[in-house]
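Protein chains in written order, with the numbering used here: chain R, 14 to 288; chain B, 4 to 266.
Ideal Cβ positions, reconstructed from N, Cα and C, are used throughout, including at glycine.
All of these numbers come straight from a predicted model, not from anything done at the bench.
One structure is given below, encoded as structure tokens.
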Amino acid sequence: MQDAVTTIAVDRRLDRSQAGERLRLIARNIFPFVVAGTIWEIVAWAGVFPHRLFPTLEEVAASFVHLTITGILPRHALETLIRLLTGFALAGIVGVTIGILMGRSRRAEDILLPLVSIGAPIPGLAYAPLFLLWFGLGNISSVLLVGFVSAFPIIFNSWTGVKAVKEIWVRSAQAMGADDRHLFRHVILPGALPYILTGMRLGLAQAWRILVAVEMLAAVPWGLGWLIFGARKFLNTDVMLAGIVVIAVIGLALEKLVFQKIENYTVVRWGMISS
Amino acid sequence: MTEAKQRQRSLLRGAVALLAAAAIYDAMARSGYFAPALLPTLPTVAHTLFANLSDGTMIGHAAFTLYRVTFGFALAVAAGLPLGILMARFKYVESFFLPLVSALMPIPSFALVPLFMLWFGIGNLTTILIVFYAAAFPMVFNTWSGVRSVNPLWLRAAGAMGADEHKLFWKVIIPGASPFIITGMRQAFLRSWIAVVGAEMIAASDWGLGWVIFDAKEFLNTDVMLASLIVIGLIGFVFERFIFGSLERMTVLRWGMMRAATG
Chain R
14 MQDAVTTIAV DRRLDRSQAG ERLRLIARNI FPFVVAGTIW EIVAWAGVFP HRLFPTLEEV
74 AASFVHLTIT GILPRHALET LIRLLTGFAL AGIVGVTIGI LMGRSRRAED ILLPLVSIGA
134 PIPGLAYAPL FLLWFGLGNI SSVLLVGFVS AFPIIFNSWT GVKAVKEIWV RSAQAMGADD
194 RHLFRHVILP GALPYILTGM RLGLAQAWRI LVAVEMLAAV PWGLGWLIFG ARKFLNTDVM
254 LAGIVVIAVI GLALEKLVFQ KIENYTVVRW GMISS
Chain B
4 MTEAKQRQRS LLRGAVALLA AAAIYDAMAR SGYFAPALLP TLPTVAHTLF ANLSDGTMIG
64 HAAFTLYRVT FGFALAVAAG LPLGILMARF KYVESFFLPL VSALMPIPSF ALVPLFMLWF
124 GIGNLTTILI VFYAAAFPMV FNTWSGVRSV NPLWLRAAGA MGADEHKLFW KVIIPGASPF
184 IITGMRQAFL RSWIAVVGAE MIAASDWGLG WVIFDAKEFL NTDVMLASLI VIGLIGFVFE
244 RFIFGSLERM TVLRWGMMRA ATG
């Protein structure tokens, strides 16, 4: 009996060794979450904290499902994403332009670098009240602030990227008769792109972090940050946790799906960096 | 054109650009198009900054913020450094903590502020924990990759020369990983500095530079806001340039692990 069981098990393992490998990998990745979840459940059931403040995971899941079905959570997420993308697009356009200008022209570098260096070390959120006063509560302030904050890493990286383009590439392109436009489109832009993409990545991560906080401060009617902050007043800890989960998932998706794809299509394909 | 001359011209242009920006701002402030409460002139800001510094309120706020940021940052280093080292040295620690760390990392620290406010109240504890949360992840990740990237050749060479585990750790692994660890500290501090300002705004206590800015908004004290912004920027700059810069000079540059950037 014992033998038969082992043999079957071995046979199966041989048959599906690859599937088993994958399964084991998944199991190994899930295990820590099971442990953490169990600890959470124990703490929640033991009543170390008041129940309202420390809901069980089922309650969080239930309110997540409820909020998703009623369309409240998707709407909050959508508005937050629109704000993020508008602000980030603004930052991308302005940041890349300024960065490339600074990398290409000594004059622009001399003039802009001190201004940019003064603005950069101040944490973005510190500007938030100022923006709220100047542009009022709501969308305009939050979009502008997100754009403003995420522009700095984009500027710095584009600038470095353009400066890091190898002199020899520029000179050989010129020797082969490339005019300024060709040089820019076919040498400088692709050469600087790994840096620009890194800058955008950093900028987007920063924008995402700031946006959540700004939504709390700017009193926008919809938005994930506001959802969390508003839920606090009614002690809806389950809603807060559901919101935090969505924020984490979106943050991860932006990083993994969007930027890695862009990188694979551009710089990795051109052989600028290895994947 | 010689290098020195070029440099002089760069400095001159930079100074002119700054002066021009200041002049434009001041002209806008004085033009009367905008309410003076929203756009104070630069002398007003300088005056407020000076007054708040000399009567000690700004210093008090800065002291509170610094206390919170250093406390949270120190906690993050104390927890993140050993965890990162353990993760890099032991496979099972890595396979347990890596998924957890990767899942928690994308949560912006500010998203946790309301939750922490419920759990820990408003004030120092919440702010410190938010700083800790913000700073711990860069610390863990950089230490982890630093220890893993220690050249295996060095390990084997040290082993062949008879170094025991203890020696190997202190004389090879830690110095070898230190450029990453210091980068991690730098990033962690940058994040803590952002987190502390945000946490102070949202979890309003009664002291701290973030709180001053947010509180000044209610009373339209734009000059106070700008003055605090200047202080925040200066402190961040000083930390980044002098403290971490000198830390780097004392360790990795001296050990020849990294070369100072020229120019």
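Under 8 Å Cβ-Cβ, which residues of chain B neighbour residue i?
i	result
Ile250 of chain R	The sequence as given places Thr at residue 250 of chain R; Ile does not occur at that position. Simply Leu118, Leu121.
Phe62 of chain R	Trp122
With distances taken Cα to Cα, identify the nearest neighbour of residue i among the options.
i	options	result
Leu212 of chain B	B:Pro141, B:Ala66, B:Thr44	B:Ala66
Pro234 of chain R	R:Asn277, R:Tyr140, R:Thr93	R:Thr93
Pro166 of chain R	R:Leu267, R:Gln31, R:Gly112, R:Pro68	R:Gly112
Glu228 of chain R	B:Ala114, B:Gly126, B:Phe242, B:Ala139	B:Ala114
Gly212 of chain R	R:Val262, R:Thr110, R:Ile260	R:Thr110
Ser105 of chain B	B:Phe140, B:Phe53, B:Ala166	B:Phe140
Val259 of chain R	R:Arg41, R:Gln31, R:Glu71, R:Phe77	R:Phe77
Val200 of chain R	R:Val262, R:Ala218, R:Lys179	R:Lys179
Pro87 of chain R	R:Glu268, R:Trp283, R:Val262, R:Leu270	R:Val262
Val134 of chain B	B:Val116, B:Pro85, B:Leu121, B:Asp226	B:Val116
Leu202 of chain R	R:Trp283, R:Gly132, R:Leu157	R:Trp283
Ile184 of chain B	B:Glu251, B:Asn145, B:Pro85	B:Asn145
Leu352 of chain R	R:Leu237, R:Leu38, R:Thr279	No statement about residue 352 of chain R is possible, as the shown extent of chain R runs from 14 to 288 and does not include it.
Taking CB distances under 8 Å as the criterion, tell me whether residue i reaches chain B.
i	result
Asn42 of chain R	yes
Arg88 of chain R	no
Phe144 of chain R	no
Trp11 of chain R	Because chain R is modelled from 14 through 288, residue 11 of chain R falls outside the range shown and cannot be assessed.
Gly137 of chain R	yes
Met115 of chain R	no
Pro127 of chain R	yes
Trp221 of chain R	yes
Gly264 of chain R	yes
Phe272 of chain R	no
Phe165 of chain R	no
Phe169 of chain R	no
Ser288 of chain R	With a pLDDT of only 46 at Ser288 of chain R, under 50, the local geometry of the prediction cannot be trusted, and the value read off the model is given with reservation. Closer than 8 Å: no.
Thr66 of chain R	Inspection of the sequence shows that residue 66 of chain R is occupied by Leu rather than by Thr. It does: the Cβ of Leu66 of chain R has a partner Cβ on chain B nearer than 8 Å.
Pro207 of chain R	no
Glu268 of chain R	yes
Thr19 of chain R	Any answer about Thr19 of chain R is weak, because its pLDDT of 45 lies below 50 and its placement is not dependable; what the coordinates show is given next. Thr19 of chain R does not count as touching chain B.
Pro45 of chain R	yes
Pro203 of chain R	no
Met253 of chain R	yes
Pro234 of chain R	no
Since residue i and residue j should fall inside the 8 Å C-beta cutoff, what is the C-beta to C-beta distance between them, to a whole number of angstroms?
i	j	result
Phe101 of chain R	Val159 of chain R	7 Å
Arg214 of chain R	Phe272 of chain R	5 Å
Ile223 of chain R	Gly137 of chain R	5 Å
Gly216 of chain R	Ala139 of chain R	Not a contact, Cβ separation roughly 18 Å.
Trp122 of chain B	Phe62 of chain R	7 Å
Pro111 of chain B	Gly264 of chain R	7 Å
For a contact defined as C-beta to C-beta under 9 Å, what are the partners of residue i on chain B?
i	result
Leu94 of chain R	Per Cβ cutoff of 9 Å: no residues; Leu94 of chain R is ~14 Å from chain B at best.
Are residue i and residue j closer than 8 Å when you measure CB to CB?
i	j	result
Ile241 of chain R	Ile257 of chain R	yes
Ile209 of chain R	Ser155 of chain R	no
Ala137 of chain B	Arg194 of chain B	yes
Val234 of chain B	Arg71 of chain B	no
Val153 of chain B	Gly179 of chain B	yes
Met142 of chain B	Ala191 of chain B	yes
Ala104 of chain R	Ile205 of chain B	no
Pro43 of chain B	Leu229 of chain B	yes
Trp173 of chain B	Gly87 of chain B	no
Leu171 of chain B	Gly162 of chain B	yes
Thr250 of chain R	Phe46 of chain R	no
Val252 of chain R	Leu146 of chain R	no
Ala289 of chain R	Leu128 of chain R	For chain R, the structure presents residues 14 to 288; residue 289 of chain R sits outside this window and is missing.
Which chain R residues are close to residue i, counting only those with a beta carbon under 8 Å from its beta carbon?
i	result
Ile270 of chain B	Look at the range of chain B in this structure, 4 to 266, and you will see that residue 270 of chain B is not part of it.
Arg16 of chain B	Arg120, Asp123, Ile124
Leu21 of chain B	Pro127, Leu128, Ile131
Ile110 of chain B	Ile257, Ile260, Ala261, Gly264
Leu115 of chain B	Ile257
Should residue i be flagged as near chain R, meaning a C-beta pair shorter than 8 Å?
i	result
Pro39 of chain B	no
Pro102 of chain B	yes
Ile197 of chain B	yes
Gly201 of chain B	yes
Leu250 of chain B	no
Ser13 of chain B	yes
Ala24 of chain B	yes
Ala264 of chain B	Confidence at Ala264 of chain B is low in this model, with a pLDDT of 47, below 50, so its placement is unreliable and no value can be given for it.
Closer than 7 Å by beta-carbon distance: list the chain B residues that pair up with residue i, in chain order.
i	result
Ala49 of chain R	Leu103
Arg245 of chain R	Pro117, Met120, Leu121
Given that residue i touches chain R, what residues does it touch there, using C-beta distances under 9 Å?
i	result
Pro43 of chain B	The contacting residues do not exist; Pro43 of chain B stays about 11 Å from chain R at best.
For residue i, go through chain R and note every residue whose CB falls closer than 7 Å to its CB, in chain order.
i	result
Ser98 of chain B	Arg41
>> Beta carbons nearer than 8 Å to chain A: which residues of the stretch 213-246 of chain B have them?
In response: The question asks about chain A, but that chain is absent: this structure's protein chains are R and B.
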